[in-house]
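Number of protein chains: 2
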Amino acid sequence: MAKKKQSGEFHQMAVATDGVILTYDEKQIKVLLIKRRNAPFKGEWALPGGFVGNKETAEECAQREICEETGLKKLSLEQLCTISDPKRDPRGRVLSIVFMGFFRSGKTGPLAGDDATEVEWFSIHKLPKMAFDHSKIIKTGIKGLKNLLNIEGAAFELLAEKFTFSQLQTIYEEVLGAELDKRNFRRRFMNSGIIMPLNEVEKNVPYKPGRYYKLDRRMLKSEPGLMPIF
Amino acid sequence: MAKKKQSGEFHQMAVATDGVILTYDEKQIKVLLIKRRNAPFKGEWALPGGFVGNKETAEECAQREICEETGLKKLSLEQLCTISDPKRDPRGRVLSIVFMGFFRSGKTGPLAGDDATEVEWFSIHKLPKMAFDHSKIIKTGIKGLKNLLNIEGAAFELLAEKFTFSQLQTIYEEVLGAELDKRNFRRRFMNSGIIMPLNEVEKNVPYKPGRYYKLDRRMLKSEPGLMPIF
DNA sequence: ACAAAAGTGTTCGGAATACACCCATGT
DNA sequence: ACATGGGTGTATTCCGAACACTTTTGT
């Protein structure tokens with residue numbers, strides 16, 4: 224008879240969360256990193272995250288850690304994957320549940336942890352050397368973004384409430400890695416009816432000011448909460 | 224200064240895997256369940272799975288447990304999600320990493336664990352009462368399947384190497400919950416070039432025998448290993 | 001002969017593509 | 001005046017949707 228599972232054989236392990244927090248800023252998609260204050264990898268850049276407490280879910284843990292380390296609150300978070308390689312953390316076996324989060328462009332808050340951790344947004348094309356396997360995690364996350372764009376309304380999680388067409392288009396171009404035709408792009412969204420024009424245009428720009436639009440959530444077919452990743 | 228993370232504060236917890244193993248059989252999509260031999264939920268149906276060992280990854284654990292409990296080996300597995308509700312298991316805190324697996328229709332093996340566990344395929348439309356939160360997990364999995372169909376080639380993971388058009392179409396209809404037009408369906412796949420006809424037809428069927436086809440993997444754009452789920 | 005599912009073509013409308021010029025603003 | 005990005009229309013192609021009858025087999 225094969226090994227029976229009885230208590231005592233349950234290998235306990237530490238469980239952590241990591242957050243890949245994205246935003247759109249200065250025509251780029253950026254990811255939020257913090258500089259580690261402790262060993263291992265002290266001084267290196269890493270994803271915000273930490274160990275899951277006794278009575279919290281993984282998502283609660285991610286929200287808490289992200290808030291403690293970066294000051295950002297109540298982000299919209301989605302589970303990305305769970306990493307279970309026994310040797311990924313030099314301290315011992317640590318499981319990591321990875322979340323992807325979207326921070327609306329524009330409402331840039333304080334960006335400082337309660338203990339003055341260094342926190343910084345990095346363009347996903349210019350990432351620094353990073354702790355653990357965090358580089359790989361981010362690459363996985365970016366790949367997943369491509370699929371997200373197919374989900375109606377996902378791109379808007381990265382934008383401010385009001386946005387111009389060129390901001391929206393740049394997100395698609397950044398993620399898809401390809402240039403898109405302005406006229407066709409505009410037509411597509413106008414026909415879909417999911418965005419509506421506002422009576423407001425850009426100010427103080429050295430070119431013809433662009434009109435602002437906003438997402439019309441009533442027109443979305445899939446509810447936004449259920450946002451499938453990959 | 225906020226709570227520092229120092230060893231001793233790491234809450235250790237048990238980590239398990241669960242597998243949602245799907246196949247296509249008798250015009251239905253089915254999921255593989257086992258009858259639990261031990262408390263809790265002794266005698267109830269449950270997803271195959273068990274605790275992650277000291278030196279294995281979650282996927283290795285899932286493969287091992289599925290093999291031990293059902294006899295199926297080397298399934299293609301994809302991570303679905305991780306469940307971290309502190310109260311989901313009456314024995315205490317157990318994290319569960321859920322995998323979705325595809326078992327090729329046709330090569331139906333022994334289907335018996337090494338200790339004569341009861342193992343059975345259930346139509347996803349007629350599921351029994353189940354242990355833990357396994358009902359909910361399966362529902363999540365089925366939803367994810369819809370997205371999978373958009374990924375070129377995903378449906379073929381459920382079919383035997385050779386299959387008829389109506390088998391392929393039935394999978395789409397089952398998952399999408401809608402009837403599809405035969406002619407349009409056939410045209411779509413023929414134009415895509417990802418399937419090729421074989422010189423072989425069904426035998427001993429009381430109707431005009433259907434031709435067999437097979438997937439032409441060279442024509443797939445996305446590599447099959449990287450099969451994004453949700 | 002009958003039942004059951006396989007197989008086959010055409011028409012139509014909407015969506016995606018390709019493409020080039022003028023417009024409004026700040027400096 | 002110039003530099004910068006905003007904004008617009010048309011022709012063409014491609015794809016998905018709708019739709020009904022004949023064919024082959026086992027019983």
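Just so you know, the sequences run in chain order A and B. Quick note: the first sequence uses our numbering, first residue 224, plus one each step. Quick note: the second sequence uses our numbering, first residue 224, plus one each step. Just so it is clear, CB atoms sit at the ideal spot from N, CA and C, and this is done for glycine as well.
Listing by chain order, which chain A residues have their CB less than 9 Å from the CB of B/Q286?
-> Within 9 Å Cβ-Cβ: nothing; B/Q286 doesn't reach chain A, min ~13 Å.
Range of the contiguous beta strand (DSSP E) that encloses B/L303 = Unbroken beta strand (DSSP E) run through B/L303: 299-306.
Within the same chain, show all residues whose beta-carbon is closer than 7 Å to that of B/E341, passing over the 5 residues directly before and after it, in chain order.
-> Apart from the 5 residues on each side of it in sequence, B/E341 sits with its Cβ closer than 7 Å to the Cβ of I257, K258 in its chain, given in chain order.
Which whole-angstrom value is the C-beta distance of B/R314 and B/P351, which I expect to be below 8 Å?
-> Contact flag wrong, Cβ pair sits at about 22 Å.
DSSP beta-bridge partners of B/D241 | In DSSP, B/D241 forms a bridge with B/G272, B/V321.
What did DSSP end up calling B/S346 once you bin it into helix, strand or coil?
-> In the structure shown, the three-state DSSP call for B/S346 is strand.
Length of the line joining the Cα atoms of B/V424 and A/F325 | Their backbone Cα atoms lie some 51 Å apart in a straight line.
Mind listing, in chain order, the continuous beta strand (DSSP E) runs of no fewer than 3 residues lying wholly within the stretch 372-433 of chain B?
-> Look at the stretch 372-433 of chain B and you find these whole runs of beta strand (DSSP E), each 3 residues long or longer: 385-387, 418-424.
Proximity winner among A/I394, A/K385, A/A377, A/T387, relative to A/L443 (alpha-carbon distances) = For the residues A/I394, A/K385, A/A377, A/T387, the minimum Cα distance to A/L443 belongs to A/A377.
Between A/L399, A/Q392, A/N422, which lies nearest to A/R411 when the distance is taken from Cα to Cα?
-> A/R411 has its Cα closest to that of A/Q392, out of A/L399, A/Q392, A/N422.
Closest to A/L438 by CA distance: which of A/V398, A/E380, A/K250 is it?
-> Nearest option by C-alpha distance: A/E380.
Any beta-carbon of chain A closer than 8 Å to the one on B/A378?
-> False, the Cβ-Cβ gap to chain A never drops below 8 Å.
Reference B/M413; option with closest CA among B/G272, B/E396, B/T387, B/A401 | Cα-wise, what sits closest to B/M413 is B/T387.
Indicate whether A/G272 and A/T305 have their beta-carbon atoms separated by less than 8 Å.
-> Result no, Cβ atoms of A/G272 and A/T305 do not sit closer than 8 Å.
Mark B/K253 as exposed unless 16 or more other C-beta atoms lie within 10 angstroms of its C-beta, in which case mark it buried.
-> Result: buried.
Strand pairing of B/K253, partner residues [DSSP] | In DSSP, B/K253 forms a bridge with B/T246, B/S346.
Tell me where the alpha helix (DSSP H) around A/A262 begins and ends.
-> For A/A262, there is no enclosing alpha helix (DSSP H), since its DSSP letter is neither H nor E.
Where A/L295 falls: helix, strand or coil (DSSP) = Of the three classes helix, strand and coil, the one that applies to A/L295 here is coil, per DSSP.
Quick one: is A/I320 near chain B, going by C-beta distance under 8 Å?
-> Yes - at least one Cβ of chain B is within 8 Å of the one on A/I320.
Taking only beta-carbon atoms, is A/G416 less than 8 Å away from chain B?
-> No, its Cβ sits nowhere closer than 8 Å to a Cβ of chain B.
How is A/L438 classed by DSSP in three states: helix, strand or coil?
-> Of the three classes helix, strand and coil, the one that applies to A/L438 here is strand, per DSSP.
Contact set between the stretch 232-257 of chain A and chain B, restricted to residues whose Cβ is under 8 Å from the partner = The stretch 232-257 of chain A vs chain B, Cβ under 8 Å: E232, F233, H234, Q235, M236, A237, V238.
Should A/V275 be flagged as near chain B, meaning a C-beta pair shorter than 8 Å?
-> Yes - at least one Cβ of chain B is within 8 Å of the one on A/V275.
Apart from the five residues just before and just after B/I289, which ones in its own chain have a Cβ nearer than 6 Å to its Cβ?
-> The beta carbon of B/I289 lies closer than 6 Å to those of G242, P271, L295 in the same chain, with the five residues before and after it left out.
Just tell me which of B/F345, B/N261, B/I374, B/L372 has its CA closest to the CA of B/I209.
-> Given that chain B is displayed from residue 224 to residue 453, the structure contains no residue 209 of chain B and the question cannot be resolved.
Residues of chain A with a CB under 8 Å from the CB of B/T280: which are they?
-> Chain A residues near B/T280: S307, D308, P309.
Report all residues from its chain with a CB closer than 6 Å to the CB of A/H357; omit the five preceding and five following residues, and keep chain order.
-> Leaving aside the five residues that flank A/H357 on each side, the residues in its chain whose CB is nearer than 6 Å to its CB run, in chain order, A269, L270.
Which residues does DSSP pair with B/Q235 in a beta bridge?
-> Looking at the DSSP assignment, B/Q235 forms a beta bridge with A/A237.
Residue burial classification, B/Y430 (beta-carbon count within 10 angstroms, cutoff 16) = The Cβ neighbour count for B/Y430, taken over all protein chains shown within 10 Å, is under 16; the residue is labelled exposed.
Once you ignore the five residues that flank A/L403 on each side, which residues in its own chain have a CB closer than 7 Å to its CB?
-> Excluding residues within five positions, the ones whose Cβ falls inside 7 Å are Q392, Y395, E396.
Proximal chain A residues relative to B/C304, where beta-carbon distance stays under 7 Å = Per Cβ cutoff of 7 Å: Q302.
Alpha carbon to alpha carbon, how far is A/A383 from A/S328?
-> Cα-Cα distance, rounded: 5 Å.
Drop a sphere of 10 angstroms on the beta-carbon of B/M353, count the other beta-carbons inside from all chains shown, and report buried for 16 or more, exposed for fewer.
-> The residue in question, B/M353, is buried, as its Cβ has 16 or more Cβ neighbours within 10 Å.
Short CB-CB distance (under 8 Å) between B/G448 and chain A | Confidence at B/G448 is low in this model, with a pLDDT of 47, below 50, so the placement of that residue should be treated as unreliable; the coordinate-derived value is given next. Chain A, which has no Cβ nearer than 8 Å to the Cβ of B/G448, makes this no.
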